[in-house]
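Data first, discussion second: the structure below is written as structure tokens.
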Amino acid sequence: MLGHHVRRSPSACAVLDRRTGGSLTYGELWQRAGALAADLADRGVRPGSLVAVAAGPSIDLVVALTGVLRAGAAYVPLDPHAPAARVATILRDCGDPPVVVGGGAAGRLPAGHPVLPVPDGPAADDLDLPPADDDEAVAYVSFTSGSTGKPKGVLVPHRAIARLVVSPNYCTVAPGDRVAGMANPAFDATTFELWGALTAGATVVVLPTPAELPVEQWLGLVADTGVDTMFLTTSMFHTIARERPDAFAGLGTLVVGGEQLDLELTRRVLDAGPPGRLVNGYGPTETTTFATAYHCTRESLRDRAKVPIGFALQRTELHVLDDDLSPVAPGEQGELCVGGPGVALGYLGRPELTASKFVADPRTGQTLYRTGDIVRETADGALELLGRRDRQVKLRGFRIELEEIEHAAVATRLAGHVFVEKVGDGAQATLVGFALPAPGVVPADLPGLLRDRLTERLPGYMIPGRWVVLDVVPLGPTGKADRTAMLAAISPQRTAGNPAGLDLVGAVVAEVLGGVEVAATDNFLDLGGNSILAVQVASRLGARLAATVDPAELLLAETMAEFAATLPGTAVRTA
């Protein structure tokens with residue numbers, strides 16, 4: 001599909017990087033990818049091999065992924081922000097493959113690991129290296145968090161990418177369009193951003209994320225580049241929509257996904273100046289980015305209590321099943337199981353886990369992926385997401401779906417976002433709620449108001465014993481709500497002499513410095529930090545705190561505790 005546009009329009013712009021000012025035409029991309037494919041072949045890479053890629057959103061990333069596929073291999077995108085220990089685990093699971101490195105991203109790789117730079121020019125010989133023509137061949141391996149704490153590699157075949165981007169029923173991308181490229185490469189939104197653009201003859205525009213710039217500056221950059229198609233995580237969409245509900249009016253298509261979309265914020269955007277098409281996308285990595293989509297309009301949301309996840313993507317089958325994999329009655333809740341060419345092949349080196357999640361439909365024998373998500377079909381056939389099977393907890397003998405509490409709390413309209421977690425074990429176990437006050441609600445009053453209202457809706461054992469009032473929803477590296485940061489605010493290690501935000505500072509510094517242990521009395525420079533690493537720490541903290549963090553404060557502070565005290569806002573405060 002990419003080769004078609006290379007032959008038809010070799011001088012058309014394939015990638016434009018607004019970070020560096022660089023660009024590549026389709027012809028140049030194909031040539032540089034061919035050079036990399038030749039280098040990989042010289043290193044012994046063959047069809048079916050795995051090749052890791054360490055690069056952030058950039059021209060180098062696009063060249064690297066294209067080059068690996070031109071070699072007939074499968075790419076393994078590494079999270080540029082992942083701790084070194086996690087990177088090492090992923091590489092071991094993949095059999096220690098070579099790593100293609102772009103943009104100086106080799107710092108987190110194990111010492112001595114084989115690396116290849118991204119070529120900055122074409123191959124010496126004009127090699128004809130066609131991409132793999134086996135639709136069942138693995139195109140990439142995407143590592144996601146596992147319930148055991150060990151990441152699991154999802155094997156995504158070429159046919160699954162084609163299902164996502166060929167003749168999509170949820171958006172339209174055409175030659176001349178510009179698609180934003182911002183996603184963390186380890187997040188499968190990259191599949192939509194890059195291959196959705198390049199297989200359509202459009203341009204990938206590499207941009208900073210909204211977390212890296214003030215909102216107004218970021219919006220100006222988007223407008224200047226002429227981007228018309230974009231993906232945002234739900235949390236990032238919510239953050240921008242609160243500040244500027246008219247921010248997306250210049251876009252042709254905005255796809256939002258990752259978490260439950262806030263109904264009232266969505267309506268505000270639709271009223272203030274919506275994009276040409278606002279799509280709520282849903283899908284686990286195992287179903288290749290999206291399995292369902294819902295076109296949000298004033299009319300489609302008029303009588304809704306929540307934003308649905310919608311209807312099946314093209315060439316995708318959806319089944320709402322009970323525990324025995326039998327269909328439930330219309331309107332009843334059940335587990336969403338997905339079939340069709342978008343379903344992955346399974347997990348790398350995890351046959352038992354694969355067998356438990358990728359199952360045969362007892363009626364047809366077709367492979368279905370069990371999402372673990374509980375849904376129900378509404379009167380018009382759209383699906384609503386109700387919660388997850390694996391977030392069911394047991395407390396004092398009662399089984400509790402945490403999402404049920406979250407939905408009930410949001411329904412009070414006292415809080416815009418609510419997250420509930422079980423904390424502790426045995427007799428010390430309790431439910432803790434984290435809530436962002438709705439406009440007009442006094443933060444100090446929110447815990448009592450929620451307790452009173454939830455008493456009317458839920459049994460006593462489902463009402464959180466403690467509430468933490470959020471100033472902002474802290475975000476993780478992929479833009480999703482960071483529950484770990486929320487829980488850090490109630491860590492028993494926090495004392496009056498331990499400034500709010502210190503746990504988060506320690507966690508982020510440890511990530512950037514490769515997993516070192518960080519204490520409150522440690523000095524950043526003594527730990528191996530420098531000015532460049534300080535910028536990385538400040539950027540990640542700024543994203544999680546939804547604020548601007550000055551890296552100079554980290555370099556000047558004598559200790560981590562002193563730096564934490566300078567943060568422009570506390571991510572959470574207890575009440």
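Just so we're aligned: 269 in UniProt numbering is position 269 of the sequence shown, and the numbers increase by one with no gaps anywhere. The beta-carbon is built from N, C-alpha and C at its ideal position, and this holds for glycine as well. Please read these numbers as outputs of a predicted model, since none were measured by experiment.
Can you tell me which of the three DSSP states Gln-217 falls into?
helix
I need the straight-line Cα distance from Gly-331 to Glu-384, nearest angstrom please.
10 Å
Can you tell me the Cβ-Cβ gap for Val-204 and Ala-14, rounded? I've got them flagged as a contact below 8 Å.
7 Å
Among Ser-49, Arg-376, Glu-286 and Ser-539, whose alpha-carbon lies nearest the alpha-carbon of Lys-306?
Arg-376
Start and end residues, beta strand (DSSP E) containing Asp-373:
367 to 377
So for Tyr-26, helix, strand or coil by DSSP?
helix
Coarse secondary structure for Gln-333, derived from DSSP in three states:
strand
Would you decide whether Leu-61 is buried or exposed? Buried here means 16 or more other CB atoms lie within 10 Å of its CB.
buried
Which word fits Glu-352, buried or exposed, when buried means at least 16 other C-beta atoms lie within 10 angstroms of its C-beta?
exposed
Beta carbon of Pro-175, beta carbon of Ser-9: below 8 Å?
yes
Rounded to whole angstroms, how far is the Cβ of residue 598 from the Cβ of Ala-211, which I believe are closer than 8 Å?
The question about residue 598 has no answer, for the chain in this structure spans 1 to 575.
N- and C-terminal bounds of the beta strand (DSSP E) containing Glu-421
415 to 423
Can you grab the Cα-Cα spacing for the pair Leu-470 / Leu-313, in whole Å?
35 Å
Using a Cβ-Cβ cutoff of less than 7 Å, which residues in the same chain neighbour Ala-543 once the five nearest sequence positions on both sides are dropped?
Ala-211 and Leu-475
Residues in its own chain within less than 8 Å of Ala-575 by CB, not counting five upstream and five downstream?
Reliability fails at Ala-575, whose pLDDT of 42 lies under 50, so the model's placement of it is uncertain and the value that follows must be treated cautiously. Result list for Ala-575: Pro-443, Ala-444, Leu-446, Pro-447, Trp-467, Val-468 and Val-469, in chain order.
Chain-order list of residues whose beta-carbon lies under 7 Å from that of Leu-109 (same chain, five-residue window excluded):
Ala-54, Val-87, Val-99 and Val-115
Among the residues of its own chain, which have a CB less than 7 Å from the CB of Thr-191, if the five just before and after it don't count?
Ile-161, Leu-164, Thr-288 and Thr-289
Going by DSSP, what residues sit across from Cys-296 in a beta bridge?
Leu-278
Helix, strand or coil, according to DSSP, for Gly-153 in the structure here?
strand
Determine the burial state of Asn-169: buried for a count of at least 16 other Cβ atoms within 10 Å of its Cβ, exposed for fewer.
exposed
Run the CB neighbour count on Met-560, radius 10 Å, all protein chains shown included, and call it buried at 16 or more, exposed below.
buried
Checking 8 Å against the spacing of the C-beta atoms, do Gly-226 and His-5 come in under that value?
no
How close, in whole Å, do the beta carbons of Leu-261 and Thr-234 come, if the pair is a contact with beta carbons under 8 Å?
6 Å
On the three-state DSSP scale, how would you describe Pro-327?
strand
Under 8 Å, do Gly-196 and Val-215 count as touching if we go by C-beta distance?
no
Just to confirm my understanding: we take Gly-149, look at its own chain, exclude 5 residues before and 5 after, and list those with CB closer than 7 Å. What are they?
Note that Gly-149 scores a pLDDT of 46, beneath 50, so its modelled location is shaky; the value from the coordinates is reported in the next line. Here the set comprises nothing.
Opening and closing residue of the alpha helix (DSSP H) in which Ala-241 lies
234 to 243
Short Cβ contact (8 Å threshold) for Thr-253 with Val-222:
no
Does DSSP put Leu-40 in a helix, a strand or coil?
helix
Going by CA-CA distance only, name the one from Trp-30, Glu-28, Gly-465 and Asp-93 that's closest to Ala-52.
Asp-93
Got a sec? Which residues, its chain only, sit under 6 Å from Gly-258 by beta carbon, not counting five neighbours each side?
Thr-233, Thr-234 and Lys-480
Helix, strand or coil: which one does DSSP assign to Arg-70?
helix
Beta-carbon proximity check, Gly-281 vs Ala-293, cutoff 8 Å
yes
Length of the line joining the Cα atoms of Asp-17 and Ser-23:
6 Å
Are the stretch 364 to 379 and the stretch 338 to 352 touching by the rule of at least three beta carbon pairs closer than 8 Å?
yes
Got a sec, what are the start and stop residues for the beta strand (DSSP E) residue 590 sits in?
Any question about residue 590 goes unanswered here, given that the chain covers just 1 to 575.
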